[in-house]
Structures are given as C-alpha cells and as structure tokens.
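Here the sequence shown stands for residues -15 to 389, where the numbers follow the numbering used here.
All C-beta atoms, glycine included, are put in the ideal place defined by N, C-alpha and C.
What you are looking at is a predicted structure, and each value in this text was computed from that prediction instead of being measured.
Notes to accompany the following structure.
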Amino acid sequence: MIKRFFTWIIMVLFVSLGLQAQQPTRTIPDVSPVLLVNDPLSIEETIFYAPPYLQNPVDGGITVMWQTHVPTYSWVEYGTDKEQLTVARTLVDGQVICNGLHNKIRINGLEPGKTYYYRVCSQEILLYQAYKKEFGATARSPFYTFRLPDEKETDFTALIFNDIHKREATLNGLYDLVKEIPYDFVFFNGDCIDDPATEEEALYHIAMQCKKVNASSHPVFYLRGNHEIRNAFSIGLRELFDYVGDKTYGAFSWGDTRFVMLDCGEDKPDSTWVYYGLNDFTGLRQEQVGFLQKELKNRAFKKAKKRVLINHIPLYTQSTREAFHPSRDLWEGLLKKAPFDVNISAHTHHHAYVAKGEDGNNFPVVIGGGNRLEEATVMVLQKKGKEMTLRVWNGKKELIYNIKL
C-alpha cells in the first residue's frame, strides 16, 4: 500500500513538471515583457492611472497630461497619419523629465485645421542610478485625436460646467443632457475640485471629470474657484494642469473668438482668520489689472469677431449676497468699455441672467447653478458663422436660457 502511494506521488510530480515545462515563458522584446493570458492586469492597467487629458491648446501647440502608478520614462507619439508618427517628450536643461508619476508633454509646431492622432507611452523604470538604469514594461494607450482651429474659423461649441463640488452624480446627470451635441472644448468654471486634501483625492476627481467629457480628444480649461484654493493640496493642483500662459488667468483665441479668463481668488478678505495670513489675493487681483489693460489693447482681442469673459465669482449679479467684491472694485473701470459679448460666472449656486446695463454691466451676464443635480446647470456656448448663442439646461432637463449674443 505504501509502495503504491509513493508511486502515485512520483507520477503526479512528473506530470506537474511536464505541464510546467509546456507553459509559455515571458519574453522581453524591446524591453517590454509579454503578459500571460491569465495575468490579472494588462500592462496598461498596471502602469496608466487614467486616460490622458488635453490642456493649453494655444499658439500652434497642445499639452498632453497623464499620470502613472509607477515611475516611468514617457513620451507621446503623434501625427496626421498613424503610420508616420513623431515622438515628443519633455526635456529640461538637456535632460528628459522621467522617473516620476506625472507626465506633461507639450507638442508644438502643429498645423491648425488638421486632425492629429496621438497615443501616450510610458515605460516603467525599475532602477535609476548614476551609472545603471533598468526598464520594465511599456504601456501604450489607444490612439486619440485632436484638432486645433484655424484662426479664421468661425464655428465652435464649448461645454461649461461649474460648482460640481466633486459630485460625480451631478456631472453625470448634466453631461447626459448634452452628450449628443458635438463639442470642441470644455470649461470647468471653478469649485469642481473643491478643498483638495491630498493628491490622490485631486487626481481621482480630475480623472473622473476628464474621462466623462472625453478630455483625451477635447481640451479642458480648469478655472479656479474659491474652493480650489482651500485645503492641503490646493497649491499642488497647479502641477496637474497646464495653464494658458502658466497663470490661473489668461486669454486665448479659438478661431475668430477671444476668451478671457480671470481668477477672482477667495470670497473673503485676505485678513480672514481661517487663511492664517497665507493668502494674498489682493496682489493677484491687482496683477490682473495689468493683464486686462494689456489684453484689451491686444491685436488678437481687437480683431476677434466675438469676445467671452469667464470667471468664477460674479462681477455683476442681481443678488446682494456678495458684499465683498474686490474684483469688481478693481476691474470695473476697465470692463465698463470692454466689448465683451457675454460674461459667464458661477459661485452663487443660483442660476441667473443679468441683462446688459442691469447692474452696471456693459454686457449680458449668465451665472451657473449649484452642486445638487436639481439646481445644477450645464451651458453650451456655440458659434456658427456670425451668430453666437448660449443655451443653459438645469438638472431637471429644462432649457432655462437660450440667449442670442
């Protein structure tokens, strides 16, 4: 009996060893190992945190940003033909920026009006020493597309969200109202990533929001609200974006339309005790006086067929809720004669329309809603030929404003 038992054990071991010998082994072509079929995660899932998102589509270029779970060497492959791709990577002072988790790669020299294909690539860095480096798997995303407008183009469509306050259900509900409308780019007009405590929290919500609006193919502009300024990771937020002009305020042209974005800072004085003396938004607002003076004289602003002003805290409102209005105090003199076609604001959590001249405003003002779906709004700013319109839906699927601008 014992002899039979040991004979059976030996047979099982031989069969097991034979099966193991027949298993495929990992090979390393181009230093990228092939995953076995039964691996729980693909290379892309292991390396990429989320799909890439497009930023700063100005001056014949665009920025591609994405994050990874592991330190990597990353690059972008792009071109008007998937079979003829150019490689872009980030170099500073002669060195490739790598061995980190954040990737920000600028692609310059693009031709307006052409559709470009691109994919992001990240190769894991296993060891980074002075005289030795080891690399692991390479993840490649699917191909995405983007297109920069020609300066003479007349048409565009933009989506505008505000005061989401990290509520995924609110964004989902609003996006469902407009997802069938083809659009070119997206604004998140403040208080969408409010009070970020950690990088992990901020990344989660940026990834969620950007994936929802397909920011891999549609550039997104994040404006600061007063809540993006608060909490431990508020300063770190700027590392996750590529602001126009590297400022939280700025201006850009999309075809023959000029957009001016302002940063109103906090909604309370710098001396407020909860800021502990760590804020100087008085200085930031004053800095934007100089920016506005220069922008209003800018050739791109003057020759634009339409002009849009966008900021989080309203400069003009029917409500007396905002007793503290330093931005208006500083900028009103410049804005009184500025030929904007519309000013888009947020912050109050109550949608409103302020007709031209109703509150000293030289242009109509539209204020977005709040963070609960029933009070939230989504705006669609659209230009076709010489005509520009702004449509606003609430979370109840009601078209509450349809304004010809």
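Around the C-beta of Phe236, 16 or more other C-beta atoms lie within 10 Å, and the residue is accordingly described as buried. When the beta-carbon positions are compared, Pro323 and Lys195 stay at least 7 Å from each other. In the structure shown, Ala307 adopts coil according to DSSP, grouped into three states.
The beta carbons of Leu38 and Val48 sit about 6 Å from each other, so the pair counts as a contact at 8 Å. Counting along the chain, Phe275 sits inside the alpha helix (DSSP H) bounded by residues 265 to 281. For Thr361, same chain residues with a beta-carbon under 6 Å away, outside a window of 5 residues either side, are His335, Gly352, Gly353, Val376, Asn378 in chain order. The continuous alpha helix (DSSP H) containing Ile190 extends over residues 183 to 196.
Of the other Cβ atoms in all chains shown, fewer than 16 fall within 10 Å of the Cβ of Thr70; this residue is therefore exposed. DSSP, read as helix, strand or coil, puts Thr141 in strand. Taking Met245 as reference, the option from Lys287, Ala216, Asp251, Phe172 with the minimal CA-CA separation is Phe172. For the pair of segments examined, the region 126 to 136 was found to touch the region 193 to 207: the number of CB pairs separated by less than 8 Å reaches three.
Contact between the region 151 to 158 and the region 210 to 225 is absent: fewer than 3 CB-CB pairs across the two stretches fall below 8 Å. Straight-line spacing of the CA atoms in Ser58 and Phe217 works out to 25 Å.
Separation of Leu314 and Glu250 (C-alpha to C-alpha, rounded to the nearest whole angstrom) is 15 Å. A straight line joining the alpha-carbon of Pro298 with that of Lys286 spans about 24 Å. Taking a C-beta distance under 7 Å as the contact criterion, Tyr385 and Asn345 do not qualify as a contact pair.
Beta bridge pairing from DSSP links Phe347 with no other residue.
Under the 10 Å beta carbon count, Tyr112 is surrounded by fewer than 16 other beta carbons and is classified as exposed. For the 7 Å CB-CB criterion, Glu118 and Thr56 do not form a contact.
The DSSP assignment places complete beta strand (DSSP E) segments of no fewer than 3 residues inside the region 282 to 341 at 290 to 294, 326 to 329, 336 to 338, in order along the chain.
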